[in-house]
Structures are given as C-alpha cells and as structure tokens.
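Numbering (the working numbering), first residue to last: 2 to 269. No residue lacks a Cβ here, since even glycine has one placed at the ideal position from N, Cα and C. Take a look at the structure set out below.
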Ligand SMILES: C=C(O[C@@H]1C=C(C(=O)O)C=C[C@H]1O)C(=O)O
C-alpha cells in the first residue's frame with residue numbers, strides 16, 4: 002500500500018497523467034496544496050508526495066523518487082510577487098498559504114538583489130491578494146495565472162527573476178518519499194506518467210482550460226513553455242544555489258544528519 006500525494010494545481014496535471022489508473026487497488030492518490038502535502042509527508046500520513054523543494058532540504062532522510070519535477074528555465078507565469086511599492090521598499094510581505102518553496106524564494110531574491118528582509122504574514126486561500134494588509138503579496142498556483150485586480154507598482158515573475166539572477170533553472174517541487182518506503186517501481190511509474198503527460202499536453206490543456214477560465218492555447222503554452230518537468234544536472238545546480246540562499250537567510254529548520262547539499266548531489 003502506497004499513499005501518494007500530488008499538488009492540486011494545474012501545473013501537476015501532466016505529471017499525474019494516467020497515474021490513478023495505474024496504481025494498485027490498495028494504493029491511493031490524493032491532491033492538496035503543496036504546503037499541506039509537506040506537512041502530511043512529515044507526519045507520516047503520506048508515503049510519497051510532490052513536495053516543495055525547500056521541504057526536501059529539511060526532511061529527515063527523505064529520498065528523491067523520480068526525475069519528474071515541477072521547475073522552470075525562465076518565466077513560470079504562476080508564481081508572482083505583486084508589490085504596491087517599489088520592490089526595494091517592501092517592509093511587509095504576505096505569503097501564499099499554499100507555498101513553501103516560493104515563500105523562501107521570494108525572500109532569498111529580495112535579500113540577494115536588494116538587501117531587503119521584510120516581515121512576513123500569511124495570505125490564506127480565502128483571502129484575495131488585493132485585500133492583503135501588506136506592501137507586497139506572493140501568489141502561486143492557479144490563482145496566480147489571471148490578470149491582477151489591484152494596482153501595483155511592480156510585478157515579478159519569480160521563475161524569470163531566479164533564472165536571470167543565477168543563470169540556473171529553478172525547481173519548485175519534487176517527488177519525495179519518507180524513509181523506509183520502497184520506491185523502485187514508483188520511480189519508473191512516475192517517469193512514465195510524466196513522459197505520457199508531456200506527449201499529450203494539448204489534450205490535457207483542452208480538458209482543463211475552460212474550467213479555469215483559460216484558453217486551450219494559453220494553458221498549453223504554460224505546460225510546454227513555462228514549466229519544465231525534468232530534474233537534470235542543471236536543475237540540481239539551481240537547487241544547490243537555492244539551498245545555500247535559504248541557509249544564509251536562516252530559513253531552514255535544523256536537520257539532524259549531514260549537510261543536505263551532499264545528499265542533493267549524491268541522489269540519482
Ligand atoms: C510553479 C508552481 O510551483 C509550485 C510552487 C510550490 C511552492 O511555492 O511551494 C510548490 C509546488 C508547486 O506547485 C506553482 O504553484 O505555480
């Protein structure tokens with residue numbers, strides 16, 4: 002029996018294409034916000050989950066299960082910082098409740114680019130970005146894919162900013178198992194679902210676009226041009242830089258084992 006958790010946003014549809022049908026009768030697949038998946042994996046309520054990459058850095062003996070991942074090599078579209086003031090002047094920052102990785106990424110970028118270290122608050126799923134009591138708001142996922150309703154001084158696409166700042170790709174989420182979970186079959190299964198998903202992006206886009214107020218073409222472009230679903234050597238370099246940035250800012254919980262960077266380069 003394997004309990005699998007995947008992100009409930011559109012970005013995950015190509016990764017879980019046909020997955021439910023290929024699981025055994027006692028396996029399960031549930032969908033949730035990335036932040037909640039991380040909590041569930043840590044609590045042992047899931048065995049394998051598509052968790053925010055920053056959570057992998059801090060997990061105790063977590064293993065990366067697959068080279069299928071959610072990343073980008075330029076603008077990602079669905080991860081945005083909307084700021085009412087020039088970004089250098091942000092003092093209060095509201096962070097999307099669904100996020101862990103982008104919540105750290107925005108702080109790393111603000112620090113490294115401008116020496117800015119704002120106070121943070123949470124933006125709940127029920128709250129709209131324009132109603133937040135903050136200078137700037139981080140929004141991710143499906144709700145970040147529509148034109149903003151507020152009036153903003155600057156809007157950042159965080160994928161674009163990271164890739165230009167570091168000249169490395171960015172990885173938002175990875176398939177990770179908790180210790181002791183047998184993952185050899187899953188490794189192949191998750192890669193096969195990703196490959197089939199990537200071979201069927203047009204039909205996946207057509208299936209989901211209208212319900213999310215998007216055109217088929219726009220959603221197809223998001224899958225094909227904004228998102229990158231492979232974790233390769235360049236992505237691992239990006240992850241290491243991101244991890245360093247998080248460590249420098251003290252954003253990671255203490256781990257008991259060796260440096261996570263060693264694990265990153267040793268895995269797969
Ligand atoms: C590109 C995205 O990647 C996501 C961002 C995550 C995060 O910020 O923690 C986690 C999983 C991904 O769903 C997005 O949600 O728009």
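* Could you give the C-beta distance for residue 10 and residue 83, rounded to a whole number, given that I count them as a contact under 8 Å? -> By 1-based counting over the chain shown, the position of residue 10 is 9. By 1-based counting over the chain shown, the position of residue 83 is 82. About 18 Å separates the CB atoms of residue 10 and residue 83; that is not less than 8 Å, and the two are not in contact.
* Asked: What are the boundary residues of the alpha helix (DSSP H) that includes residue 190?
  -> Residue mapping note: residue 190 aligns to position 189 of the chain shown, counting from 1. Segment 185-200, the alpha helix (DSSP H) holding residue 190.
* Supposed contact pair residue 13 and residue 187 - C-beta distance, whole angstroms, cut 8 Å -> The residue labelled residue 187 in the question sits at position 186 within the chain shown. The residue labelled residue 13 in the question sits at position 12 within the chain shown. Wrong, their Cβ atoms sit about 16 Å apart, outside the cutoff.
* Of all the options 231, 191, 134, which has the alpha carbon lying nearest to the alpha carbon of residue 21? -> In the chain shown, counting from the first residue as 1, residue 21 sits at position 20. Closest by alpha carbon: 191.
* Determine the extent of the alpha helix (DSSP H) in which residue 109 is found, giving its start and end residues. => By one-based count along the chain shown, residue 109 stands at place 108. Run containing residue 109: 102-115, per the alpha helix (DSSP H) assignment.
* To do: Locate the alpha helix (DSSP H) running through residue 234, then write down its first and last residues.
  => In the chain shown, counting from the first residue as 1, residue 234 sits at position 233. Segment 234-249, the alpha helix (DSSP H) holding residue 234.
* On the three-state DSSP scale, how would you describe residue 10? -> Taking the chain shown and counting its residues from 1, the one referred to as residue 10 is at position 9. The three-state secondary structure of residue 10, taken from DSSP, is coil.
* According to DSSP, what are the bridge partners of residue 1? -> Since the first residue of the chain shown is 2 and the last is 269, residue 1 is not available in this structure.
* Inter-stretch contact (C-beta, 8 Å, three-pair minimum) for the segment 159-174 and the segment 239-251 -> Between the segment 159-174 and the segment 239-251, the count of Cβ pairs shorter than 8 Å is three or higher; the stretches touch.
* To do: Locate the beta strand (DSSP E) running through residue 176, then write down its first and last residues.
  => Along the chain shown, one-based indexing puts residue 176 at 175. Run containing residue 176: 171-178, per the beta strand (DSSP E) assignment.
* **residue 32 vs residue 176 beta-carbon contact at 9 Å** => If you number the chain shown from 1, residue 32 lands on position 31. If you number the chain shown from 1, residue 176 lands on position 175. No; because the gap between Cβ atoms is not below 9 Å, this pair is not in contact.
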